[in-house]
Amino acid sequence: MSIAQTRRPPDPSKTTCASLLEELQRIWDEIGENDVERDKMLLQLEQECLDVYRRKVDQASKYKVKLHQELADAEKEAIDIISALGDPHSFTRLDKPKGSLKEQMSAIDPLLKDLRHKKEERAKEFSEVQVQIISICGEISGNVQLSKSATSTRFDERDLTWKRLAELKAKHEELRKDKNVRLQKLSNYLRLIHELSAVMSLDFLKIITEVHPSLGDSTNSQPKSISNETLARLAGSAHSLTQLKQERLQKLQDLGSTLVELWNLMDIPKEERKRFDNVARLISASVDEVVDRGVLAIESIEQVEVEVERLDNLKASKMKELILKKQDELEQVYKNAHMDVDTESARQILISIIDSGSVNLSELFVGMDDQIRKAKEQAMSRKDILERLDKWTFASEEENWLEDYERDQNRYSAGRGAHKNLKRAEKARILISKMPSMLEALKSKVNAWEKEKGEIFLYDKAPLSQTLEEFSAIRLEREEEKRKSREQKKQQEQLTTEQEMLFGSRPSPIRTGSTKKTSGQNSTGNTPSGTQVNKHFPSRLGSTSKDGKKETPKNGAEGIPINYVALPKDDSLTRNSSTPTSP
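Per numbering that gives the first Met the number 0, the sequence shown runs over residues 0 to 582.
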């Protein structure tokens, strides 16, 4: 084995270029390389070393350039982030660092990480607000899918300032308020449609789903559409349902009115009416008052229609009875108004027409309603006069009562009810004092009515104006009788006083008897008895004789003459009392 082969290899940790060169020289010596080959190989070795150095230098240069670029990029990114965030205070932390490139990179890296973190947080806020804005805009525009898929969004990351974020938040708040207003409208429309659907037994879900599919989603898996179109269609549906409710209510009220009329006409028992009591209650109800479920369902209205049709058929079979009831009502109107109508003849004619079958009974029934209406109108025109006549009649009755009361010699006794009679007499005197004006006003009203209507005002077939004139004349005669009676009484009292002065206070038998007769006459003859002068009015009109002529005061054998002096009897008595008796 050669020495070169037995030599141990050099230690790599202690190997240098010089030691390697020495090792190479020894190897060449052992090999016997010539100098030319040795120079050639050394030149090649130098070239290879230069290439290695050049590569290393190039690598170092590139790394330097890279560090410069990274430092520039970091500075630019930091400036962009600071500018995007709108944070001018961060620029003070971006001063040019000193030292090597790596030291500069180490200095700017923490700042850049902090700025990146701030940017991410700010971008997250922007994204959340922007997503909410897009979602609300989708709901408002009616694009529910856009609102549902609005989980991320793009925005300009070059402007992440607080001012821009505040603007977005303000826009979001405005949209949120608009959304709340729209949701309130949506809720009101849905509630109204639900109430209307319940009253009319309509399919609520079908109605709102036809407006927009999202409204019928009971699971709330997607937001409700609150677009202008959706709200407008809801408003239209609510309006249409309200109109339909009004139409159905009006139809049901018309049917109910007809139903009640038929009930009353044919005296339908209460047990049979109970089934449609709710319909009768709705006759005077307003639209807003009708809220019961199913009360305006089409089935309910059809049931009422069937019942009305049944009663109409029943009415046709009872038409004669109904027409005669109408005739009774007409006669009662005439009777209450004291109108001159031959109701018995009219009834016989009506029955003859019905039995003949020559007229349509329905038309005749409607004609009876017209007659009743006209009779009521005529009775209404007489109402004021009849009311005044009733008041005047009452006053006349009170006058008769007062005359009877004043003839009662025991009216001031402390008997039961005496104080009530006193109060009644006081009120009667006040009322009687108004009778002349009441009578004149009544006559004036009657004359005005006759002039307006061009006919005579009849009261129970007698001209009222003529009756009032007769009463006025009778009243004047009564007043004149009372006046004469008072004068006669006054003369009698004066005569009695003169007789007492001449003959003493002892009453003579003739005077006493005469006085009693006079008193009797005043209670039965000269004072009006209160019998009727006309059958249309009560006893207040004054007293009459059996032949209908007014009674007048008597001054004959039964009465005391005004110039009566009972001298013979009283004088003989006086002379006898004054002549002395013979012994």
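We put the beta carbon where it would ideally sit given N, CA and C, even for glycine.
Backbone CA spacing between Lys39 and Lys101 [nearest angstrom]: One-based indexing of the sequence shown puts residue 39 at position 40. One-based indexing of the sequence shown puts residue 101 at position 102. Cα-Cα distance, rounded: 43 Å.
Which first and last residues belong to the alpha helix (DSSP H) in which Asn187 is found? In the sequence shown, counting from the first residue as 1, residue 187 sits at position 188. From DSSP, the alpha helix (DSSP H) with Asn187 extends over Trp161 to Met199.
Cβ contact (3+ pairs, closer than 8 Å) linking the stretch 490-505 and the stretch 355-372: no
Please check the pair Leu214 and Lys223, which I expect to be a contact at CB under 8 Å, by giving their CB distance rounded to whole angstroms. Along the sequence shown, read from residue 1 onward, the residue named residue 214 stands at position 215. Along the sequence shown, read from residue 1 onward, the residue named residue 223 stands at position 224. Yes, Leu214 and Lys223 are in contact; Cβ-Cβ is about 6 Å, under 8 Å.
Cα separation between Ser226 and Asn187? Residue numbering aside, residue 226 sits at position 227 when the sequence shown is read from its first letter. Residue numbering aside, residue 187 sits at position 188 when the sequence shown is read from its first letter. C-alpha separation (whole angstroms): 15 Å.
Inter-stretch contact at 8 Å, needing at least 3 Cβ pairs: the stretch 450-460 / the stretch 425-442: no
Using the three-state DSSP reduction, which class does Ala71 fall into: helix, strand or coil? Working through the sequence shown from its first residue, we reach residue 71 at position 72. Correct three-state label for Ala71: helix.
Exposed or buried, what is Glu557 when buried is set at 16 or more other beta-carbons lying within 10 Å of its beta-carbon? Stepping through the sequence shown from its first residue, residue 557 is reached at position 558. Residue placement at Glu557 is flagged as unreliable, the pLDDT there being 34, under the threshold of 50; the coordinate-derived value follows with that caveat. Classification for Glu557: exposed.
Could you tell me the distance, in whole angstroms, from the CA atom of Gly293 to the CA atom of Ala197? Mapped onto the sequence shown, residue 293 falls at position 294. Mapped onto the sequence shown, residue 197 falls at position 198. So the alpha carbons of these two residues sit roughly 6 Å apart.
Below 8 Å, how does it come out for the stretch 294-310 and the stretch 337-345: are there three or more Cβ pairs, yes or no? no
Measuring only the C-alpha atoms, how far is Gln103 from Lys118? Walking along the sequence shown from the start, residue 103 turns up at place 104. Walking along the sequence shown from the start, residue 118 turns up at place 119. Cα-Cα distance, rounded: 22 Å.
What's the C-alpha gap between Glu271 and Leu457? Counting from one through the sequence shown, the residue named residue 271 turns up at place 272. Counting from one through the sequence shown, the residue named residue 457 turns up at place 458. Whole-angstrom Cα-Cα distance: 45 Å.
Ala461, DSSP secondary structure in three states: Locating residue 461 in the sequence shown gives position 462, counting from the first residue. Residue state, collapsed to three classes: strand.
Taking DSSP as the reference, what is the three-state secondary structure of Gln239? Here residue 239 refers to the residue found at position 240 of the sequence shown. Per the sequence presented here, residue 239 reads as Ser, with Gln not at that position. Three-state DSSP puts Ser239 in a helix.
Whether Ile455 touches Pro462 by CB criterion (7 Å): For the purposes of this step, residue 455 is taken as residue 456 along the sequence shown, with counting starting at 1. For the purposes of this step, residue 462 is taken as residue 463 along the sequence shown, with counting starting at 1. A contact, by the Cβ cut-off of 7 Å.
Please return the same chain residues whose Cβ sits closer than 6 Å to the Cβ of Lys325, not counting the five positions on each side in sequence. Stepping through the sequence shown from its first residue, residue 325 is reached at position 326. So the qualifying residues of the chain are Met367.
What's the gap between the Cα of Ser82 and the Cα of Arg121? Sequence index remark: in the sequence shown, residue 82 carries index 83 (1-based). Sequence index remark: in the sequence shown, residue 121 carries index 122 (1-based). Those two C-alpha atoms are separated by around 13 Å.
If we ignore side chains and look at the alpha-carbon of each, how far apart do Lys317 and Asp311 end up? Numbered from its first residue, the sequence shown carries residue 317 at position 318. Numbered from its first residue, the sequence shown carries residue 311 at position 312. Taking the straight line from one Cα to the other gives about 10 Å.
How far does the alpha helix (DSSP H) with Phe275 in it extend, from its first residue to its last? What you label residue 275 is simply residue 276 of the sequence shown in a count that begins at 1. It is not in any alpha helix (DSSP H) - Phe275 carries neither H nor E in the DSSP assignment.
For the putative contact between Ile107 and Glu138, defined by C-beta atoms under 8 Å, what is the C-beta separation to the nearest angstrom? The sequence position of residue 107 within the sequence shown is 108, counting from 1. The sequence position of residue 138 within the sequence shown is 139, counting from 1. That belief does not hold up - the Cβ atoms of Ile107 and Glu138 are roughly 46 Å apart, past 8 Å.
Can Thr257 and Val307 be called in contact, C-beta distance under 7 Å? Numbered from its first residue, the sequence shown carries residue 257 at position 258. Numbered from its first residue, the sequence shown carries residue 307 at position 308. Closer than 7 Å, so yes.
Quick one: what's got a C-beta closer than 8 Å to Leu248's C-beta in the same chain, skipping five residues either side? Here residue 248 corresponds to residue number 249 of the sequence shown, with the count starting at 1. The residues are Leu281, Ala284, Val286, Val289 and Leu295.
What is the C-beta distance between Lys314 and Leu261, in whole angstroms, given that I count them as a contact (C-beta under 8 Å)? Reading the sequence shown from its first residue, position 315 is the one you call residue 314. Reading the sequence shown from its first residue, position 262 is the one you call residue 261. Contact flag correct, Cβ pair sits at about 6 Å.
On a CA-only basis, which of Leu20, Asn33, Val56 and Ser436 is nearest Glu45? Give me that one, please. If you number the sequence shown from 1, residue 45 lands on position 46. Checked all of Leu20, Asn33, Val56 and Ser436; the closest Cα to Glu45 is Leu20.
I want to know whether the stretch 399-413 touches the stretch 434-447 - three or more CB-CB distances under 8 Å. no
According to DSSP, is Thr342 part of a helix, a strand, or is it coil? Looking up residue 342 in the sequence shown gives position 343. Thr342 falls in the helix class under three-state DSSP.
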